[in-house]
Structures are given as C-alpha cells and as structure tokens.
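Asks: First the structure, then my questions, so here it is.
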Amino acid sequence: MATKADMAEIFQLEQGAFGTHCYPDFLFRQLLDLWPNYLLVAENEAALSQLPVGALLGYTLGGVGEAKSQGWVLSLAVTEQARGLGIGKALLQHLIGRLTEEGCQQLRLTVHPDNSAAGLYHALGFEHESTEPDYFGPNEPRQVLLHTV
C-alpha cells in the first residue's frame, strides 16, 4: 500500500505516463484517505538497473463505484526502467484481488485504443465492453473493458 511519503513519486510517475490527462497531485493524497487499500505501489527491493533501493517502480489505483459490487481500475503506471519485468501485471493482480475480496463482482477500466497495456488487461480477463470516441473530451477515445468475477 502507498504511504504519504510515496505521493510525490506517484504524481511524478502519473505525469510522465499520462501527460495532460494525469490526475492532480492533491487527488492522490485524498484517495489515500478514501481508499488506502486500493492505492498500491511497487518499490525496488534490490538494485534494479539504475534505480536505488526503495525507488518507486510503479503504482495502481482502484476504487469502488456507487454499487459496492462494481470496482474500477483508475490508473496503472510503471517506470520506463521497470517495464517488461511483470510489475504492472503483479500490481494489477493484487488490486483485482483486493477489489474482489471486498465484494466487487465487476471491474472496469478505460484504455486508449493504441495503448499497449490493453494486451495486459486482456490477458488478465478484461474484455471489451464498449468504445467511447470522446471519453475525456473531443478526440479522446477510450475502450471500456470489463472483468467479471
């Protein structure tokens, strides 16, 4: 689980991964208060490449919808140096486990149609539910993926 000490690194990774569509820094702090079990981090435990021990390798953020049976994967990002090592998959599997343990029977996420992470989502059981051409505004398409437990 994330801590207050992780907030700056999470936001920096968020900005690098999502640019103008990143969540604001203060939101992560508020979500840590609301859903501490759904803001997960992976930190470097061994000297992985150029990263120091304890450095943030990735994070994932989830939440629960109005109906407690519906969960969301809101964000997933892994540092460039740590991509391809299974960290994103491990984070997502851990988040899915936590959401389902708390009663979520359906999990959703959105992904840009060109995002290579879609392959990971499909491999973990997410299936195409719909496509919205203007999800985040004009010319901002997203696929909505659904995972049923």
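Quick note, the sequence shown lines up with residues 11 to 159 if you use our numbering. Yeah, the Cβ is synthetic: ideal placement off N, Cα and C, and Gly gets one too. A quick note: this is a predicted structure, and the numbers were derived from the prediction, not measured.
Exposed or buried, which one is S79 when buried takes at least 16 other CB atoms within 10 Å?
Replies: Its Cβ having fewer than 16 others within 10 Å, S79 is exposed.
Asks: For R152, write down the residues that DSSP places opposite it in a beta bridge.
Replies: DSSP, once it has assigned bridges, lists E142 as partnering R152.
Asks: Give the straight-line distance between the Cα atoms of F21 and D35, rounded to the nearest whole angstrom.
Replies: Spanning the two alpha carbons is a distance of roughly 6 Å.
Asks: Pick from V159, R152, P148 and A56: whose alpha carbon is nearest that of E111?
Replies: Nearest option by C-alpha distance: V159.
Asks: Considering only the alpha carbon of each residue, which of N149, P143, I106 and R152 lies closest to L7?
Replies: Nothing in the structure corresponds to residue 7, since the chain is present only between 11 and 159.
Asks: Just the C-alpha distance for A12 and V88, rounded to the nearest angstrom, thanks.
Replies: Rounded to the nearest angstrom, the two C-alpha atoms are 14 Å apart.
Asks: Let me confirm a value: T120 is counted as buried when at least 16 other C-beta atoms fall within 10 Å, else exposed. Which label applies?
Replies: Buried, because 16 or more other Cβ atoms sit within 10 Å of the Cβ of T120.
Asks: Residue range of the alpha helix (DSSP H) that E19 falls in?
Replies: Unbroken alpha helix (DSSP H) run through E19: M17 to F28.
Asks: Q40: buried (16+ other C-beta within 10 angstroms of its C-beta) or exposed?
Replies: Its Cβ having fewer than 16 others within 10 Å, Q40 is exposed.
Asks: If you count every other CB in all the chains shown that lies within 10 Å of the CB of H31, and 16 or more means buried, which is it?
Replies: By the 10 Å Cβ count, H31 comes out exposed.
Asks: Just to confirm my understanding: we take L23, look at its own chain, exclude 5 residues before and 5 after, and list those with CB closer than 6 Å. What are they?
Replies: Excluding positions up to five away in sequence, the list reads A87.
Asks: Could you tell me whether the Cβ atoms of N47 and L67 are closer together than 8 Å?
Replies: No, these two residues do not count as a Cβ contact at 8 Å.
Asks: With DSSP run on the structure shown, which of helix, strand or coil describes A127?
Replies: Three-state DSSP puts A127 in coil, outside helix and strand.
Asks: Could you pull the start and end residues of the beta strand (DSSP E) that K116 belongs to?
Replies: As written in the sequence, residue 116 is Gln, which differs from the Lys given in the question. Residues Q116 to V121.
Asks: When you compare the CB positions of I97 and A128, do they come within less than 8 Å of one another, or not?
Replies: Not in contact: I97 and A128 (Cβ atoms no closer than 8 Å).
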